[in-house]
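*Asks:*
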Amino acid sequence: MEQPPADGERQRLDDANFNKIADPGEPLLQGWTVGLYLNGALVQSVLTDINGAYRFSSVPPTDGTPNKYELRFTAPNAGPNTAKLGKTDSAFTNGLQRITNIAVPSGSNLQNLNLLIGPNGVVYNSLTRAPIGGATLKMLRGTTPLPATCFDDPAQQGQITQAGGYYRFDLNFSDPGCPSGNSYVIVVTAPGSNYVAGESQVIPASSNAVTAPFSVLTCPTDALPTIPYCEAQASEFAPPPFVAARSAGTRYYLNLALDGTAVPGSSQIYNNHIPLDPQLAGAFSITKTTPLVNVTRGQLVPYTITINNAIGASLQGEQVVDRYPAGFRYVPGSARLDGVPSEPKLAAGQLVWNGLNFGSSDHRTIVLLLAVGAGVGEGEFVNRAQVIDGLTGKPLSGEATARVRVIPDQTF
Numbered sequence: 001m002e003q004p005p006a007d008g009e010r011q012r013l014d015d016a017n018f019n020k021i022a023d024p025g026e027p028l029l030q031g032w033t034v035g036l037y038l039n040g041a042l043v044q045s046v047l048t049d050i051n052g053a054y055r056f057s058s059v060p061p062t063d064g065t066p067n068k069y070e071l072r073f074t075a076p077n078a079g080p081n082t083a084k085l086g087k088t089d090s091a092f093t094n095g096l097q098r099i100t101n102i103a104v105p106s107g108s109n110l111q112n113l114n115l116l117i118g119p120n121g122v123v124y125n126s127l128t129r130a131p132i133g134g135a136t137l138k139m140l141r142g143t144t145p146l147p148a149t150c151f152d153d154p155a156q157q158g159q160i161t162q163a164g165g166y167y168r169f170d171l172n173f174s175d176p177g178c179p180s181g182n183s184y185v186i187v188v189t190a191p192g193s194n195y196v197a198g199e200s201q202v203i204p205a206s207s208n209a210v211t212a213p214f215s216v217l218t219c220p221t222d223a224l225p226t227i228p229y230c231e232a233q234a235s236e237f238a239p240p241p242f243v244a245a246r247s248a249g250t251r252y253y254l255n256l257a258l259d260g261t262a263v264p265g266s267s268q269i270y271n272n273h274i275p276l277d278p279q280l281a282g283a284f285s286i287t288k289t290t291p292l293v294n295v296t297r298g299q300l301v302p303y304t305i306t307i308n309n310a311i312g313a314s315l316q317g318e319q320v321v322d323r324y325p326a327g328f329r330y331v332p333g334s335a336r337l338d339g340v341p342s343e344p345k346l347a348a349g350q351l352v353w354n355g356l357n358f359g360s361s362d363h364r365t366i367v368l369l370l371a372v373g374a375g376v377g378e379g380e381f382v383n384r385a386q387v388i389d390g391l392t393g394k395p396l397s398g399e400a401t402a403r404v405r406v407i408p409d410q411t412f
């Protein structure tokens, strides 16, 4: 058996339209291990090339014997908790990353022994939109994890994503713990302390354990209705940063109604990309200053707020909140954002600038004037500023302060 590098031997990372053809834009799998087995024993192994192609040479034929060959496809750096992500496509017996019962006639050159990858989605960073490796995924019925026997690939229960963030569940409904027609919840555990535990608050799920399940069979919000499967989003890749959080382009489901009536159409959802929120308490550094130390009643006090993006990722739709002391008041028309007039929203002793966008290394400056009211007593007064996430309301910076002391009017 020989496999020359041709289109028929290429592996597609994601056969997004399920046509079993390597279409433009569908990445090919480089560096995968393809093992050739005879009666369960490894005979040869090769790595796929830059085009996802592979070949075996000098393979003894199996004419007139009961012997059968088998191919097994393994992702780079795969471990015991790496889920199988797709099924093979050949003239022989196809399975998850495996082709079995391969007969090799004498003098043959077998072609089209292919692997097509079809993950359910990508686990990704809700802000940078980069895929997350090391995330753990489980599927639950109610609050109980399903037995591993409920999956065609037992490693899918408790699977750990690789660098690409891909995950997949092949539910087989063969165990009493996973009956057809029930709802099933996907739970993702973030890797390490760099991510917030639990579901994303930046991009909340459209269904989860406390909502009704999303029916994969009827798929009422199918993003690609012309393709005969259920897709939560239109792209096989995680949404890029320009796709607004909480828009249709970031829709996904964690509580799914699945059944075995039309596998895989009733048991698999695709492009169901799951975000996790990074820890962002120190995403920005912020300072607040005033050139004045002592002020008097009626005096105008200038303040400067300086914000620096410290996380190195683009952040959109954030707030800067300035809290000023009782008795002080904002001077209308005085605020400038990066030198451009920018009136804040006034509410209960606060000035709020909404919808601020920051590039990966942006430095932004706000200047404003506050007037010291006639009824303000003598003493020290503190003005505070902070960056707040526009979607979750969580602080993204420490609290910057500027102090002035109100002193008696100087009368001569």
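At position 101 of the sequence shown the residue is numbered 101 (UniProt numbering), and the sequence of numbers has no breaks. We put the CB at the ideal spot given by N, CA and C, even for glycine.
Quick one: residues in its chain with C-beta nearer than 6 Å to the C-beta of Thr304, no 5 flanking neighbours on either side, listed in chain order?
*Replies:* Thr289, Val367
*Asks:* Considering only the alpha carbon of each residue, which of Leu258, Gly25, Ala238, Tyr37 lies closest to Ala212?
*Replies:* Leu258
*Asks:* Which term fits Gln157, buried or exposed, when burial requires 16 or more other beta carbons within 10 angstroms of its beta carbon?
*Replies:* buried
*Asks:* DSSP three-state label for Pro341, please.
*Replies:* Assigned with DSSP and collapsed to three states, Pro341 falls in strand.
*Asks:* Quick check: the stretch 320–329 against the stretch 365–379, are at least 3 beta-carbon pairs closer than 8 Å?
*Replies:* yes
*Asks:* Since Asn101 and Gln159 should fall inside the 8 Å C-beta cutoff, what is the C-beta to C-beta distance between them, to a whole number of angstroms?
*Replies:* Asn101 to Gln159, Cβ: 27 Å. No contact.
*Asks:* From Thr226 to Gly339, what does the alpha carbon distance come to, in whole angstroms?
*Replies:* 50 Å
*Asks:* What is the DSSP secondary structure of Cys230, counted as helix, strand or coil?
*Replies:* Correct three-state label for Cys230: strand.
*Asks:* Any contact between the stretch 86–103 and the stretch 180–194? By contact I mean 3 or more CB pairs, one from each, below 8 Å.
*Replies:* The answer is no - the stretch 180–194 does not touch the stretch 86–103, with fewer than three Cβ pairs under 8 Å.
*Asks:* For the beta strand (DSSP E) containing Trp32, name the first residue and the last one.
*Replies:* Taken as a continuous stretch (DSSP letters only), Trp32 belongs to no beta strand (DSSP E), as it is neither H nor E.
*Asks:* Is any heavy atom of the ligand HEM found at a distance shorter than 6 Å from the C-beta of Thr261?
*Replies:* With respect to small molecules bound, the structure shown includes none, and the ligand HEM cannot be examined in it.
*Asks:* Of the residues Arg55, Ala335, Gly40, Glu343, which one's Cα is nearest the Cα of Asn109?
*Replies:* Arg55
*Asks:* Counting pairs of beta carbons, one from the stretch 312–322 and one from the stretch 374–393, are three or more of them closer than 8 Å?
*Replies:* yes
*Asks:* Is it the case that the Cβ atoms of Asn344 and Val352 are separated by a distance below 7 Å?
*Replies:* At residue 344 the sequence reads Pro, which differs from the Asn that was named. Yes. Within cutoff.
*Asks:* Whose C-beta lies closer than 7 Å to the C-beta of Tyr124 among residues of the same chain, with five residues either side of it excluded?
*Replies:* Ala130, Pro131, Ile132, Gly165, Ala238, His273, Pro275
*Asks:* Tell me the rounded alpha-carbon separation between Thr250 and Gln233.
*Replies:* 7 Å
*Asks:* In the DSSP assignment, find the beta strand (DSSP E) that holds Val352 and state where it starts and stops.
*Replies:* 350–358
*Asks:* Tell me the rounded alpha-carbon separation between Val76 and Gly282.
*Replies:* Per the sequence shown, residue 76 should be read as Pro rather than Val. Each residue's Cα considered, the two are about 34 Å apart.
*Asks:* Pick out whichever of Arg297, Val301, Ser90 has its Cα sitting closest to the Cα of Val376.
*Replies:* Arg297
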